[in-house]
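So that you can map any letter, position 126 of the sequence shown is 126 in the UniProt record's numbering, and since no number is skipped, the others follow by simple counting.
Reviewing the structure listed below.
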Amino acid sequence: MTRIGIYGANGRMGLALIEACYLSQQAELICAFVRESSQYLDKAINQLQPKADTNIRFSSEQDTLENVDVLIDFTLPEGMKQHLSAAIAAKKPMVIGTTGLTTTEMELLVEAAKEIPIVFSRNYSVGINLLLNLVQTAAQKLADEMDIEIFEAHHRHKIDAPSGTALAIGEAIAEAKGWQHDDVAVYDRSHSHEAKSQHEIGYSVLRAGDIVGEHTAYFATMGERLELTHKAASRLTFASGAVRAAQWLKDKPAGLYDMQDVLDLKK
1 MTRIGIYGAN GRMGLALIEA CYLSQQAELI CAFVRESSQY LDKAINQLQP KADTNIRFSS
61 EQDTLENVDV LIDFTLPEGM KQHLSAAIAA KKPMVIGTTG LTTTEMELLV EAAKEIPIVF
121 SRNYSVGINL LLNLVQTAAQ KLADEMDIEI FEAHHRHKID APSGTALAIG EAIAEAKGWQ
181 HDDVAVYDRS HSHEAKSQHE IGYSVLRAGD IVGEHTAYFA TMGERLELTH KAASRLTFAS
241 GAVRAAQWLK DKPAGLYDMQ DVLDLKK
């Protein structure tokens, strides 16, 4: 049994993570952390997550981590950095799903992983991680004259754009092509006066309503088009993957891992 502590437990993903813990046969929720200023501090978690038939209460992020095996964090970057410091001090493994990290923040994860085991992924869906393998196969096998585009759609509250998952798809394609992603990524064509290059990866973004997450990689040429699409219907998809990652991470040595490691998909 893996004893789990969740940061940002009162948020949309936090509540999904709580549910995923209760659905798992190998995970046990130990701590549900919220900010000290939260209106939910010290209140029973089943006030927000009715599926949690427990007496566990939302607790402060400063509370002890002694009984936790693995911490899960899907909070914003600033909060994640504070939680990472606490995890290092307590020598606790972390599963991190925070998106929109800067280069400096990614370097922080790399350094932290020298001291504790960390799974970091932009998307914890099993289907998305299979998609990353599929787009690499397509990029390798299809002719160089294919146009490559990535489209993603999320709910109106999502801040980072393109999504971390869309970027992961683009990076996987660039790797397969032998390209440097940052050299070929195109995010805005509003000022372009030239035809699209076939040595680029274009990104398109939609933010609307309550869309959980949709991603499509397009490989198109004259006469045919291949579309590889993943659609998520519930945040529980990502939460269940994160709990699965926590179970996998429990006894691992220090290092930086991803969901490709968890699912044994590395080529």
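Cβ atoms here follow ideal geometry from the backbone N, Cα and C, with glycine treated the same way.
### Query
Leaving out the 5 sequence neighbours to the left and right, which residues in its chain are closer than 7 Å to G255 when beta-carbon positions are compared?
One-based indexing of the sequence shown puts residue 255 at position 255. A113 and P117, listed in sequence order.
### Task
Have a look at L76 and L108 and give me their C-alpha separation to the nearest angstrom.
Here the question's residue 76 lines up with position 76 in the sequence shown. Here the question's residue 108 lines up with position 108 in the sequence shown. If you take the alpha carbons of L76 and L108, they lie about 15 Å apart.
### Message
So within the region 173–218, which uninterrupted beta strand (DSSP E) runs reach at least 3 residues, ignoring any that extend past its ends?
### Response
201–207
### Query
Nearest to G11 by alpha carbon, out of Q49, L71 and A89?
If you number the sequence shown from 1, residue 11 lands on position 11. Comparing Cα positions, the closest option is Q49.
### Query
Based on Cα-Cα distance, which residue from G14, K91 and V212 lies nearest to E152?
Translated into positions along the sequence shown, residue 152 becomes position 152. The shortest C-alpha separation from E152 is found at V212.
#### Entry: Beta-carbon proximity check, N67 vs I18, cutoff 9 Å
Reading the sequence shown from its first residue, position 67 is the one you call residue 67. Reading the sequence shown from its first residue, position 18 is the one you call residue 18. In this structure, I18 does not lie closer than 9 Å to N67 by Cβ.
### Query
Going by DSSP, which residues form a beta bridge with A220?
Reading the sequence shown from its first residue, position 220 is the one you call residue 220. D147 and R225, per the DSSP bridge assignment.
### Query
Apart from the five residues on each side of it in sequence, which residues of its chain come closer than 6 Å, Cβ to Cβ, to L206?
If you number the sequence shown from 1, residue 206 lands on position 206. Cβ neighbours of L206 beyond the five flanking positions: A153.
### Query
What span of residues does the alpha helix (DSSP H) with R244 cover, start to end?
Along the sequence shown, one-based indexing puts residue 244 at 244. R244 -> alpha helix (DSSP H) spans L236 to L249.
### Task
Keeping to the same chain, check which residues put their C-beta closer than 6 Å to that of A90; ignore five residues upstream and five downstream.
To locate residue 90, count along the sequence shown from 1; it is residue 90. For A90, where only same-chain residues beyond five positions count, the Cβ hits under 6 Å are L65.
### Message
Does the contact criterion of 3 or more C-beta pairs under 8 Å hold for the region 235–252 versus the region 216–227?
### Response
no
### Task
Could you pull the start and end residues of the beta strand (DSSP E) that R3 belongs to?
Taking the first residue of the sequence shown as 1, we reach residue 3 at position 3. That run of the beta strand (DSSP E) goes T2 to Y7.
### Task
For R225, count neighbouring C-beta atoms within 10 Å of its own C-beta (all shown protein chains included) and say buried if the count is 16 or more, exposed if not.
Mapped onto the sequence shown, residue 225 falls at position 225. That one is exposed.
### Query
If you draw a straight line from the C-alpha of C21 to the C-alpha of L15, how long is it?
Counting from one through the sequence shown, the residue named residue 21 turns up at place 21. Counting from one through the sequence shown, the residue named residue 15 turns up at place 15. Distance between the alpha carbons of C21 and L15 is about 10 Å.
### Query
Roughly how many angstroms separate the alpha carbons of G170 and A139, rounded to a whole number?
Reading the sequence shown from its first residue, position 170 is the one you call residue 170. Reading the sequence shown from its first residue, position 139 is the one you call residue 139. Computed Cα separation, rounded: 10 Å.
### Query
What's the call for M1, buried or exposed, on a 16-neighbour Cβ count within 10 Å?
Position 1 of the sequence shown, counting from 1, holds the residue named residue 1. That one is exposed.
### Task
For T229, I'd like the list of residues in its chain whose CB is within less than 6 Å of its CB, leaving aside the five on either flank, ordered along the chain.
Position 229 of the sequence shown holds residue 229. Only T216 meet the Cβ criterion.
### Task
Look up G14 in the DSSP assignment and give the residues it is bridged to.
Walking along the sequence shown from the start, residue 14 turns up at place 14. G14 is not bridged to any residue.
### Query
In chain order, what residues of the same chain have a beta carbon less than 6 Å from the beta carbon of A44, not counting five sequence neighbours either side?
Within the sequence shown, the letter at position 44 stands for residue 44. R57, listed in sequence order.
### Residues that DSSP places opposite P117 in a beta bridge
As a first step, residue 117 must be located in the sequence shown, where it is residue number 117. According to DSSP, P117 bridges with G255.
### Query
Between K252 and S192, what straight-line distance do the alpha-carbon atoms span, to the nearest angstrom?
Against the sequence shown, residue 252 aligns to sequence position 252. Against the sequence shown, residue 192 aligns to sequence position 192. Taking the straight line from one Cα to the other gives about 48 Å.
### Query
Do you know how far the Cα of I128 is from the Cα of R156?
Here the question's residue 156 lines up with position 156 in the sequence shown. Here the question's residue 128 lines up with position 128 in the sequence shown. Their backbone Cα atoms lie some 21 Å apart in a straight line.
### Query
Using DSSP with H/G/I as helix, E/B as strand and the rest coil, what is L265?
Counting from 1 along the sequence shown, the entry for residue 265 is found at position 265. It is coil, neither helix nor strand.
### Query
In whole angstroms, what separates the C-alpha of E175 from that of T137?
Position 175 of the sequence shown, counted from the first residue, corresponds to residue 175. Position 137 of the sequence shown, counted from the first residue, corresponds to residue 137. Roughly 11 Å separates the two Cα atoms.
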